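*Asks:* Residue 10 is where the sequence shown starts when you use my numbering, and the numbers rise one by one after that.
Glycine residues also receive a C-beta, built at the ideal position from the N, C-alpha and C atoms.
Values in this document were obtained by computation on a predicted structure and should not be read as measured data.
Below is a structure I'd like to ask you about.
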Amino acid sequence: GDDIQNRESVALRARGFTAMREAVPGDFLWHSWDSLAVSEGLLATFWKDLQKWTSDRRQTYGLAPLPDEWFGVPQVMVLFLRSCAERGVELDPAKGIRRPISQQPVPVTAVPQRAPQQAVRQGTENQQPATEESRNEEDETLTILEHAEEVLFNLTRSDAHIHADLGRVSQEVQKRHTSTAERLSKKWYESHKGSFELKRIHLGSGSDEWHVRLTAPAQARANARIHERQAEAQRKRELTVADQVLPMLSADNLPRTLRSPELAGLLCVLSRGQYRVDDLPAALLRRLCRRGDATPKELLQESTPFPPARIMRAIVALEKQRRERWDKDALDMVLQAAALDMHAVDDRPRAALPTAASALWAAARKPFDDRLNDSKCLLVPSA
Numbered sequence: 010g011d012d013i014q015n016r017e018s019v020a021l022r023a024r025g026f027t028a029m030r031e032a033v034p035g036d037f038l039w040h041s042w043d044s045l046a047v048s049e050g051l052l053a054t055f056w057k058d059l060q061k062w063t064s065d066r067r068q069t070y071g072l073a074p075l076p077d078e079w080f081g082v083p084q085v086m087v088l089f090l091r092s093c094a095e096r097g098v099e100l101d102p103a104k105g106i107r108r109p110i111s112q113q114p115v116p117v118t119a120v121p122q123r124a125p126q127q128a129v130r131q132g133t134e135n136q137q138p139a140t141e142e143s144r145n146e147e148d149e150t151l152t153i154l155e156h157a158e159e160v161l162f163n164l165t166r167s168d169a170h171i172h173a174d175l176g177r178v179s180q181e182v183q184k185r186h187t188s189t190a191e192r193l194s195k196k197w198y199e200s201h202k203g204s205f206e207l208k209r210i211h212l213g214s215g216s217d218e219w220h221v222r223l224t225a226p227a228q229a230r231a232n233a234r235i236h237e238r239q240a241e242a243q244r245k246r247e248l249t250v251a252d253q254v255l256p257m258l259s260a261d262n263l264p265r266t267l268r269s270p271e272l273a274g275l276l277c278v279l280s281r282g283q284y285r286v287d288d289l290p291a292a293l294l295r296r297l298c299r300r301g302d303a304t305p306k307e308l309l310q311e312s313t314p315f316p317p318a319r320i321m322r323a324i325v326a327l328e329k330q331r332r333e334r335w336d337k338d339a340l341d342m343v344l345q346a347a348a349l350d351m352h353a354v355d356d357r358p359r360a361a362l363p364t365a366a367s368a369l370w371a372a373a374r375k376p377f378d379d380r381l382n383d384s385k386c387l388l389v390p391s392a
């Protein structure tokens, strides 16, 4: 209880509050723990964050690791979630959680700090979680060809070399892309040779079946689109957390527990121009790059879901608002990470074309333009 109520846990508590706000509708109805404490749910994600936070601080605070079986135990959930949001959300061991109708986000309160530097808020922006309707709208922006590529990618995810039944693929595509009347026949797949390879399967007795698989470029395209949509949903959650945490921070008093996605999210929120905190942008970037100890690959992987291009655009926006004292080595590292993002790294697909274009756009502007000339950055050759 008390260990989680300190400055070092402010981002963690914001995550807990955000998880409750997204998992529980604002309908003033009780939602049971059985319905909320599911293995792939938002509260489960927060519980994993909480487990890691306590595990990392076993010696500092004398905290015992939280066992997996404690997740979903009502008394335990109330104990920790009540520490994350003292106002605006009702928690009951027997009934579950409920939120008032049309509840607005309630910021996580920080404990009193020694002479905190004031953050100036110049505006407000209500960050709403992605709804099922908005996700469906995003799906409708895909072409029928892109839907077919993604359906086939998911069906053959375990082995990209196998062929899937053409009829099954077409049925799944029609379920996803209900607005089209286009018939996905064998000729349709043959007309898109850049995406599909067909194979005839002889069943005997004069009957045949057609199977289909993705070409290698189509696999890369489908993987990149799916990865980017998943990252976008994660970015929205990170930005919601950053928006709550930012007013409590100063350049000389950053919590040591801020993770790389949280640091990147804070830079992005600062770039909107709604807050102004002296020297905080440069301090966040130094921490994100671990004061030069991180490698470009580590920065690329650890800052997920924020690609280096997003971080670069935030830095350019901040530099335009006000001249900052950026660390040159940190700027070089972000540039190198953006160059690395142009290639497939482990299980991470290469950056999509808009992301690559965004990185090049930012590289040509201050403060990156001078570093691009002075350093041995491979961003342009990689593009």
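Just reading off the beta strand (DSSP E) that Leu100 is part of, what are its end residues?
*Replies:* Along the sequence shown, read from residue 1 onward, the residue named residue 100 stands at position 91. First-last of the beta strand (DSSP E) with Leu100: 99-101.
*Asks:* In this structure, does DSSP put Glu49 in helix, strand or coil?
*Replies:* To locate residue 49, count along the sequence shown from 1; it is residue 40. Here Glu49 sits in coil by DSSP.
*Asks:* Return the chain-ordered list of same chain residues with a C-beta closer than 7 Å to the C-beta of Glu158, the five sequence neighbours on each side being excluded.
*Replies:* Against the sequence shown, residue 158 aligns to sequence position 149. For Glu158, where only same-chain residues beyond five positions count, the Cβ hits under 7 Å are Ser204, Leu223, Ala227, Arg230, Ala231.
*Asks:* Cα-Cα, which of Leu308, Ser312, Ala371, Leu248 is closest to Arg281?
*Replies:* Reading the sequence shown from its first residue, position 272 is the one you call residue 281. Checked all of Leu308, Ser312, Ala371, Leu248; the closest Cα to Arg281 is Leu248.
*Asks:* Would you say Ile153 lies against chain C (beta-carbon separation less than 8 Å)?
*Replies:* Going by chain labels, chain C is absent from the structure shown, which holds only one protein chain.
*Asks:* Under a three-way DSSP split, which group does Val286 fall into?
*Replies:* For this step, residue 286 is matched to residue 277 along the sequence shown. Here Val286 sits in coil by DSSP.
*Asks:* Check Ala173 in the structure and name its three-state DSSP category.
*Replies:* Working through the sequence shown from its first residue, we reach residue 173 at position 164. Of the three classes helix, strand and coil, the one that applies to Ala173 here is strand, per DSSP.
*Asks:* So, at 7 Å on beta carbons, what are the nonlocal neighbours of Leu75 in its own chain, with the 5 sequence-adjacent residues on each side left out?
*Replies:* The residue given as residue 75 occupies position 66 in the sequence shown. The answer, listed in chain order, is Leu59, Gln60, Thr63.
*Asks:* If I'm right that Arg108 touches Val33 with Cβ under 8 Å, what's the distance once you round it to whole angstroms?
*Replies:* Counting from one through the sequence shown, the residue named residue 108 turns up at place 99. Counting from one through the sequence shown, the residue named residue 33 turns up at place 24. Contact holds; Cβ gap of about 5 Å.
*Asks:* Report the three-state DSSP secondary structure of Phe89 (helix, strand or coil).
*Replies:* Taking the first residue of the sequence shown as position 1, residue 89 is located at position 80. Looking at Phe89 - three-state DSSP - the assignment turns out to be helix.
*Asks:* Whole angstroms is fine: what's the gap from Gly213's alpha carbon to Leu207's?
*Replies:* For this step, residue 213 is matched to residue 204 along the sequence shown. For this step, residue 207 is matched to residue 198 along the sequence shown. Using only the alpha carbons, I get a separation of about 19 Å.
*Asks:* Buried or exposed for Leu38, going by 16 or more other Cβ atoms inside 10 Å?
*Replies:* Along the sequence shown, one-based indexing puts residue 38 at 29. Classification of Leu38: exposed, given that the 10 Å Cβ count is below 16.
*Asks:* How big is the Cα-Cα spacing for Leu175 and Arg185?
*Replies:* Here residue 175 corresponds to residue number 166 of the sequence shown, with the count starting at 1. Here residue 185 corresponds to residue number 176 of the sequence shown, with the count starting at 1. Using only the alpha carbons, I get a separation of about 16 Å.
*Asks:* Under 8 Å between the Cβ atoms of Arg319 and Thr27?
*Replies:* Here the question's residue 319 lines up with position 310 in the sequence shown. Here the question's residue 27 lines up with position 18 in the sequence shown. Not a contact, by the Cβ cut-off of 8 Å.
*Asks:* Just how far apart, CA to CA, sit Ser312 and Lys196?
*Replies:* Sequence index remark: in the sequence shown, residue 312 carries index 303 (1-based). Sequence index remark: in the sequence shown, residue 196 carries index 187 (1-based). Straight-line Cα distance between these residues: approximately 44 Å.
*Asks:* Quick check: what's the CA-CA separation for Ala124 versus Ser259?
*Replies:* Against the sequence shown, residue 124 aligns to sequence position 115. Against the sequence shown, residue 259 aligns to sequence position 250. Residue placement at Ala124 is poorly supported in this model, since its pLDDT is 35, which falls under 50; the coordinates are not used for a value here.
*Asks:* Note down the Cα distance separating Ala240 from Trp219, rounded to an integer number of angstroms.
*Replies:* Residue 240 sits at position 231 when you count from the first residue of the sequence shown. Residue 219 sits at position 210 when you count from the first residue of the sequence shown. The straight-line gap from Cα to Cα measures roughly 35 Å.
*Asks:* Do you know offhand how far Leu308's Cα is from Arg300's?
*Replies:* On the sequence shown, position 299 is the one that residue 308 refers to. On the sequence shown, position 291 is the one that residue 300 refers to. Computed Cα separation, rounded: 12 Å.
*Asks:* For Glu199, does the three-state DSSP call read helix, strand or coil?
*Replies:* Here residue 199 is taken as the residue at index 190 of the sequence shown, counted from 1. Glu199: helix per DSSP, three-state reduction.
*Asks:* When you compare the CB positions of Leu272 and Arg296, do they come within less than 8 Å of one another, or not?
*Replies:* The sequence position of residue 272 within the sequence shown is 263, counting from 1. The sequence position of residue 296 within the sequence shown is 287, counting from 1. Yes, Cβ-Cβ distance for Leu272 and Arg296 is below 8 Å.
*Asks:* Helix, strand or coil: which one does DSSP assign to Val250?
*Replies:* Working through the sequence shown from its first residue, we reach residue 250 at position 241. Three-state DSSP puts Val250 in a helix.
*Asks:* Rounded to the nearest angstrom, what separates Asp43 and Ser18 at their Cα positions?
*Replies:* Here residue 43 refers to the residue found at position 34 of the sequence shown. Here residue 18 refers to the residue found at position 9 of the sequence shown. When rounded, the distance between both Cα atoms is 27 Å.
*Asks:* Could you compute how far the alpha carbon of Val5 sits from the alpha carbon of Val47?
*Replies:* Outside the modelled stretch of the chain, which goes from 10 to 392, sits residue 5, for which no answer is possible.
*Asks:* Would Asp336 pass as a contact of Leu294 if the rule is Cβ separation under 8 Å?
*Replies:* What you label residue 336 is simply residue 327 of the sequence shown in a count that begins at 1. What you label residue 294 is simply residue 285 of the sequence shown in a count that begins at 1. Result yes, Cβ atoms of Asp336 and Leu294 sit closer than 8 Å.
*Asks:* For Leu289, count neighbouring C-beta atoms within 10 Å of its own C-beta (all shown protein chains included) and say buried if the count is 16 or more, exposed if not.
*Replies:* Here residue 289 refers to the residue found at position 280 of the sequence shown. Buried, because 16 or more other Cβ atoms sit within 10 Å of the Cβ of Leu289.
*Asks:* Short of 6 Å in beta carbon distance, which residues of its chain neighbour Ala169, apart from the five on each side in sequence? Order them along the chain.
*Replies:* By 1-based counting over the sequence shown, the position of residue 169 is 160. Cβ contact annotation for Ala169 (same chain, cutoff 6 Å, sequence separation greater than five): Gln228, in chain order.
*Asks:* Beta-carbon separation of Cys277 and Ala339 under 8 Å?
*Replies:* Along the sequence shown, read from residue 1 onward, the residue named residue 277 stands at position 268. Along the sequence shown, read from residue 1 onward, the residue named residue 339 stands at position 330. Their beta carbons are not under 8 Å apart, which means Cys277 does not touch Ala339 by this criterion.
*Asks:* Leaving out five residues before and five after Arg265 in sequence, what residues of the same chain have Cβ atoms less than 7 Å from its Cβ?
*Replies:* By one-based count along the sequence shown, residue 265 stands at place 256. Once the five neighbours on either side are set aside, the close Cβ partners of Arg265 are Glu17.
*Asks:* Just the C-alpha distance for Pro376 and Ile324, rounded to the nearest angstrom, thanks.
*Replies:* Reading the sequence shown from its first residue, position 367 is the one you call residue 376. Reading the sequence shown from its first residue, position 315 is the one you call residue 324. Those two C-alpha atoms are separated by around 8 Å.
*Asks:* In its own chain, which residues sit with a C-beta less than 7 Å from the C-beta of Leu51, not counting the 5 before and 5 after it?
*Replies:* As a first step, residue 51 is located in the sequence shown; it is residue number 42 there, counting from the start. Closer than 7 Å at the Cβ level, and outside the excluded window around Leu51, lie Ala28, Glu31, Ala32.
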